[in-house]
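For the sequence shown, the UniProt record's numbering begins at 1 and goes up steadily by one.
All C-beta atoms in this analysis are idealised placements derived from N, C-alpha and C, irrespective of residue type, glycine included.
A short write-up of the structure that comes next.
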Amino acid sequence: TTDAAEYYVAGRRVPAVYNGMATGADWMSAASFIGMAGTLYLTGYSGLAFIMGWTGGYVLVALFLAPYLRKFGQFTIPDFLGERYGGNLPRFVGILAAILCSFTYVVAQIYGVGLITARLTGVQFELGIFLGLAGILVCSFLGGMRAVTWTQVAQYIILIIAYLIPVVWLSVKQTGVPVPQLVYGYQMEKVTAIEEKLIKDPKELEVRKVFADQATALGAKLKDPKAALAADRAAAEKRVTDLKASNALAAEMTAAERALAAVPKDEATAVRTWTAAKTAAEARDKPLGGMPRHGAIFAGDPNGDAAAKNAFDTSRRNFLALIFCLMVGTAALPHILMRYYTTPSVKEARNSVTWSLFFIFLLYFTAPALAVLVKYEIFNSVVGASFDQLPQ
1 TTDAAEYYVA GRRVPAVYNG MATGADWMSA ASFIGMAGTL YLTGYSGLAF
51 IMGWTGGYVL VALFLAPYLR KFGQFTIPDF LGERYGGNLP RFVGILAAIL
101 CSFTYVVAQI YGVGLITARL TGVQFELGIF LGLAGILVCS FLGGMRAVTW
151 TQVAQYIILI IAYLIPVVWL SVKQTGVPVP QLVYGYQMEK VTAIEEKLIK
201 DPKELEVRKV FADQATALGA KLKDPKAALA ADRAAAEKRV TDLKASNALA
251 AEMTAAERAL AAVPKDEATA VRTWTAAKTA AEARDKPLGG MPRHGAIFAG
301 DPNGDAAAKN AFDTSRRNFL ALIFCLMVGT AALPHILMRY YTTPSVKEAR
351 NSVTWSLFFI FLLYFTAPAL AVLVKYEIFN SVVGASFDQL PQ
């Protein structure tokens, strides 16, 4: 830790393969490891914009950034800007940009660390955050970039195994094939068929009508929130009074008192509460609970009416814009770019990006399969089941 080159860039002796693996661990953050499959589950095809944008960013890094950063041979991005453009102003701008990017990114990662630690160990969320931070600080303070690199190599191996095990298990359970990527399209066809069946199912239509009625009732309340709030409070108070007069059971009294306590305290709170509930009810009133069909490319219909065509065009533009933004954002992340200072040469920096893409590909090639396999499992095991048949 007394030598700057050893501390910041591990003496520039990290092989491309291990640097790529460490970068993959760096990148397999809370968003990718915890949220990627869930995003694809909820959004279907649209969620692929995240995969294409994030992986596309590494192409930009390989072509335009990593080799030149390594060629300059500095320690940080602000160092590179100061050396390339001269003066302290570019360096200061680089520092501000690095702090802004890193702070936004780190907040999300720390939150994910707290969630995982709390879930696995049972400790409080706040304590989980401190435990995670303590582990990170010990690695970085005591050994610098070399310790961080080898820790991340081990971390990648653990993460990818932990991610693949449930996907392989679901694949074997549903199809008998232990390679989920091969059965992804086959299960996708099954999910599409089930979605078509659910949309036309009489019970599903009945549930949608219940939510539509709820949205209508909430809309009526919002037209005159003051009168509606007074009526709700009076009804809840009358219910409590009637139960007390009839010596009702304690469970009924408790439920009535909770209902009275749940009545909004004032008109402004009532409007916020009812508006949120109305929005949620309207979303649940849509087919598949508001989720798009998994195989639908974009919203709307290019061959439909004007509104459908506009929705299709807007969805397509948003998809492409998201890919572009994620590509540029990925290529600008300071903690990713710093990794390419650690390679022995410019050629190794390029190779390192290639290995990074390979190791990230293993997860991103699996995430769509996990989303489809889980959706198929939910449709077959949960949707339409009675409460006493739900899995524990």
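Here Ala-251 carries a helix assignment [DSSP, helix/strand/coil]. A buried status is given to Val-61, since no fewer than 16 other beta-carbon atoms sit within 10 Å of its beta-carbon. DSSP places Asp-213 inside the alpha helix (DSSP H), whose first and last residues are 202 to 223.
Counting along the chain, the unbroken alpha helix (DSSP H) around Lys-278 starts and ends at 267 to 284.
In terms of CA proximity to Leu-363, Gly-24 leads the group Gly-24, Thr-76 and Gly-11. In this structure Tyr-68 is exposed. Its beta-carbon is surrounded by fewer than 16 other beta-carbon atoms within 10 angstroms. By the neighbour-count criterion, in which a residue is buried when 16 or more other Cβ atoms sit within 10 angstroms of its Cβ, Asp-26 is buried. Rounded to whole angstroms, the gap between the alpha carbons of Tyr-85 and His-335 is 21 Å.
Setting aside the 5 residues that flank it on each side, Gly-295 is surrounded in the same chain by Gly-44, Tyr-45, Met-188 and Thr-192, each with a C-beta closer than 7 Å to its C-beta; the list follows chain order. In this structure, the alpha-carbon of Tyr-41 lies about 17 Å from that of Phe-319. In the displayed model, Asp-232 falls within a helix according to three-state DSSP. Ranking Ile-116, Met-28 and Asn-380 by CA distance to the CA of Leu-170 puts Asn-380 first.
Across the set Lys-226, Phe-92, Tyr-341 and Ala-307, the C-alpha of Phe-92 shows the shortest separation from the C-alpha of Pro-78.
Shown here for Ala-16: same chain residues with a beta carbon closer than 7 Å to its own, the five before and five after excluded, namely Thr-343, Glu-348, Asn-351, Ser-352 and Trp-355 in chain order.
The stretch 349 to 383 contains, as complete alpha helix (DSSP H) runs of 4+ residues, the segments 367 to 381 (chain order). Rounded to whole angstroms, the separation of the alpha carbons of Pro-302 and Ala-308 is 7 Å. Scanning Gly-53, Gly-87 and Lys-265 for the CA closest to the CA of Lys-226 turns up Lys-265. Distance check between Glu-267 and each of Ile-165, Gln-181, Lys-221 and Lys-190 places Lys-221 closest, using alpha-carbon atoms only.
According to the DSSP assignment, Asp-301 belongs to no alpha helix (DSSP H), since it is labelled neither H nor E. Straight-line measurement puts the Cα of Ala-147 at about 11 Å from the Cα of Ala-154. Only exposed fits Leu-100, as fewer than 16 other CB atoms lie within 10 angstroms of its CB. Residue environment for Pro-292: buried (at least 16 other C-beta atoms within 10 angstroms of its C-beta).
Between Ala-30 and Ala-108, the C-beta gap is smaller than 7 Å, which places the two residues in contact.
Remark: three or more beta-carbon pairs, one from each stretch, lie closer than 8 Å, so the stretch 206 to 216 and the stretch 272 to 288 are flagged as touching. Of all C-beta pairs linking the stretch 48 to 61 to the stretch 320 to 333, three or more are shorter than 8 Å, placing the two stretches in contact. Looking at the backbone, the Cα of Ser-386 and that of Val-179 are separated by about 32 Å. Thr-149 and Ile-116 have their alpha carbons spaced roughly 22 Å apart. Under the three-state reduction of DSSP, Phe-50 is assigned to helix.
Our two residues, Val-383 and Met-28, have alpha carbons roughly 31 Å apart in a direct line. Distances from the CA of Ala-235 to each of Ala-245, Val-263 and Leu-249 were compared; the closest alpha carbon is that of Val-263. In the DSSP assignment, Gln-109 falls within the unbroken alpha helix (DSSP H) covering 88 to 121. Out of Tyr-376, Asp-388 and Gln-389, the CA that lies nearest to the CA of Gly-185 is found in Tyr-376. Setting aside the 5 residues that flank it on each side, Ile-194 is surrounded in the same chain by Phe-379, each with a C-beta closer than 6 Å to its C-beta; the list follows chain order.
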